[in-house]
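Colleague: Before I ask anything, here is the structure I am working with.
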Amino acid sequence: MDILYQIRARQESFSAGEGRIARLMLDDVGFAASASLDELAQRAEVSTATLSRFARTVGCRDLRDLRLQLAQASGVGSRFLDPAGTPEQSAFYGQIVGDIESTLRQHLAAFDESRFADAVKLLGKARMIHAFGMGGCSTLCSDELQVRLVRLGYPIAVCHDPVMMRVTAASLGAEHAVIACSLTGITPELLEAVELARSYGARILAITRADSPLAQLADVLLPLQSAETSFIYKPTAARYGMLLAIDVLATELALASPEDNQERLRRIKLALDDYRGGDDHLPLGD
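If you read the sequence shown in the working numbering, its first letter stands for residue 2, the second for the next number, and so on.
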């Protein structure tokens with residue numbers, strides 16, 4: 002149960018005492034979750050009996066259940082609980098660009114060339130590559146891997162559906178590779194599919210946080226770093242770190258066989274020019 006939503010949704014129906022309890026809990030979730038019942042009653046200027054009625058009113062079984070729900074609500078982090086101001090447009094435009102630049106520099110400085118060399122070897126030996134990704138950025142980046150690798154002649158398929166990922170994983174063997182994309186590295190369905198693929202001998206390339214459970218399953222890891230700030234309204238800048246890793250990996254793969262890939266890219270350019278026209282510097286299907 003989302004206790005904070007339940008409290009906000011019922012504010013118009015509370016008695017005067019219950020209203021004071023509600024305001025106290027909404028204004029300081031951390032205090033409400035950690036305070037004793039006597040401290041709560043004293044701060045809200047109500048009796049323990051009023052606290053009990055309030056707990057039942059918002060859908061809790063009793064005061065103990067209310068305190069448990071508050072503790073869970075306080076665990077999401079202060080940046081989603083504290084009042085947040087809205088910056089001027091010019092300020093957050095600059096902050097978005099600044100965060101992107103910062104995370105790109107941070108990731109580039111941490112990249113190890115040997116990891117990318119190992120990734121090239123792993124993918125080069127694979128008869129078939131499967132890219133797994135779930136969620137917003139991880140879904141898009143697994144699709145991006147297909148766009149980048151197919152033009153270099155690598156056989157690659159993408160999967161986002163958790164059931165299909167399990168089906169795919171169960172069909173793999175030592176001649177297959179899985180590229181698993183995850184900003185967090187903790188998505189349960191993705192972890193289960195990767196574990197299953199690994200149990201049948203598939204090699205795993207993970208693009209994720211180095212300290213995550215997914216990283217522990219990888220034969221080769223391209224590590225990502227957290228890029229979260231207290232400004233909760235903008236998309237995470239960490240996804241640019243994942244895109245940078247994919248761009249570096251794709252370029253390494255292309256340069257592993259430059260003459261063959263030049264010919265493939267020429268053929269793609271010819272096919273696209275015949276289809277759409279345009280000048281020589283248009284991107285290849287991007």
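Ideal placement from N, C-alpha and C gives every residue a C-beta, glycine not left out.
For Ala175, does the three-state DSSP call read helix, strand or coil?
Modeller: Looking at Ala175 - three-state DSSP - the assignment turns out to be coil, as it is neither helix nor strand.
Colleague: From which residue to which residue does the beta strand (DSSP E) around Thr188 run?
Modeller: Looking at the DSSP string, Thr188 is not in any beta strand (DSSP E), and its letter there is neither H nor E.
Colleague: Which full runs of the beta strand (DSSP E) of 3+ residues lie inside the region 205-270, going along the chain?
Modeller: Runs of the beta strand (DSSP E) inside the region 205-270: 221-225.
Colleague: Helix or strand or just coil, what does DSSP make of Ala36?
Modeller: Three-state DSSP puts Ala36 in coil, outside helix and strand.
Colleague: Could you tell me which uninterrupted beta strand (DSSP E) segments, each at least 3 residues in length, are contained entirely in the region 120-155, listed from first to last along the chain?
Modeller: If we require 3 residues or more, the beta strand (DSSP E) runs fully inside the region 120-155 come out as 129-134.
Colleague: Measuring straight from C-alpha to C-alpha, what distance separates Val249 and Phe117?
Modeller: Rounded to whole angstroms, Val249 to Phe117 spans 8 angstroms at the Cα level.
Colleague: Taking the alpha-carbon positions, what's the Ile22 to Ala10 distance?
Modeller: Answer to the nearest angstrom: the Cα atoms are 14 angstroms apart.
Colleague: Spatial neighbours of Ala239 within its chain, please: CB distance less than 8 angstroms, with the 5 preceding and 5 following residues excluded, ordered by chain position.
Modeller: Hits under 8 angstroms: Thr104, Cys138, Leu184, Leu225, Gln226, Ser227, Ala228, Glu229.
Colleague: In this structure, does DSSP put Ala203 in helix, strand or coil?
Modeller: The answer is coil: DSSP assigns Ala203 none of H, G, I, E or B.
Colleague: Please report the straight-line C-alpha distance between Arg128 and Ile157, rounded to a whole angstrom.
Modeller: So the two alpha carbons sit approximately 9 angstroms from each other.
Colleague: How big is the Cα-Cα spacing for Leu245 and Ala110?
Modeller: Approximately 12 angstroms between the Cα atoms of the pair.
Colleague: Which runs of the alpha helix (DSSP H) spanning at least 4 residues fall entirely within the region 6-54, listed in chain order?
Modeller: Those alpha helix (DSSP H) runs which fall completely within the region 6-54 and span 4+ residues are 17-28, 30-35, 38-45.
Colleague: Rounded C-beta distance between Leu153 and Val221? I'm assuming under 8 angstroms.
Modeller: 18 angstroms between Cβ atoms; not a contact.
Colleague: Counting along the chain, where does the alpha helix (DSSP H) carrying Leu69 start and finish?
Modeller: Element bounds for Leu69: 64-75.
Colleague: Work out the CA separation of Ser75 and Leu150 for me, nearest whole Å.
Modeller: Near 43 angstroms, if we compare the C-alpha coordinates of Ser75 and Leu150.
Colleague: Would you check if there are 3 or more beta carbon pairs closer than 8 angstroms linking the region 192-210 to the region 166-174?
Modeller: Cβ pair count under 8 angstroms is three or more, so yes.
Colleague: Give the secondary structure of Val168 by DSSP, where H, G and I count as helix, E and B as strand, and everything else as coil.
Modeller: Val168 falls in the helix class under three-state DSSP.
Colleague: Figure out for me which residue from Phe93, Ala45, Ser35, Glu46 has the closest Cα to the Cα of Arg294.
Modeller: Outside the modelled stretch of the chain, which goes from 2 to 287, sits residue 294, for which no answer is possible.
Colleague: Which same chain residues, not among the five before or five after Ala198, have their C-beta less than 6 angstroms away from its C-beta?
Modeller: Ala170, Leu173, Val179.
Colleague: Give me the Cα-Cα distance between Asp28 and Arg54, rounded to the nearest whole angstrom.
Modeller: Cα to Cα, the separation comes out at about 20 angstroms.
Colleague: Answer with buried or exposed for Ser143, where buried requires no fewer than 16 other C-beta atoms within 10 angstroms of its C-beta.
Modeller: So Ser143 counts as buried.
Colleague: Please state the DSSP three-state secondary structure of Val59.
Modeller: Three-state result, Val59: coil.
Colleague: Excluding five sequence neighbours on each side, which residues of the same chain lie with their C-beta closer than 8 angstroms to the C-beta of Asp63?
Modeller: Answer for Asp63: Ser53, Ala56, Arg57, listed in chain order.
Colleague: At the level of alpha carbons, what is the spacing between Val159 and Glu196?
Modeller: The straight-line gap from Cα to Cα measures roughly 17 angstroms.
Colleague: Hey, how far is the Cα of Leu25 from the Cα of Glu145?
Modeller: Rounded to the nearest angstrom, the two C-alpha atoms are 47 angstroms apart.
Colleague: Taking the alpha carbon of Gln73 as the reference point, which residue from Leu5, Glu46, Leu271 has its own alpha carbon closest?
Modeller: The shortest Cα separation from Gln73 among Leu5, Glu46, Leu271 belongs to Leu5.
Colleague: Taking the alpha-carbon of Asn262 as reference, which of Tyr155, Pro284, Ile130 has the nearest alpha-carbon?
Modeller: The shortest C-alpha separation from Asn262 is found at Tyr155.
Colleague: Just how far apart, CA to CA, sit Gly20 and Ile233?
Modeller: Straight-line Cα distance between these residues: approximately 28 angstroms.
Colleague: Have a look at the DSSP bridge pairing and note the partners of Val159.
Modeller: Bridge partners of Val159: Ala132.
Colleague: For my contact list, Leu285 and Lys270 are in at a C-beta cut-off of 8 angstroms; report their separation, rounded to the angstrom.
Modeller: Right, the Cβ-Cβ distance comes to about 6 angstroms (below 8 angstroms), so this counts as a contact.
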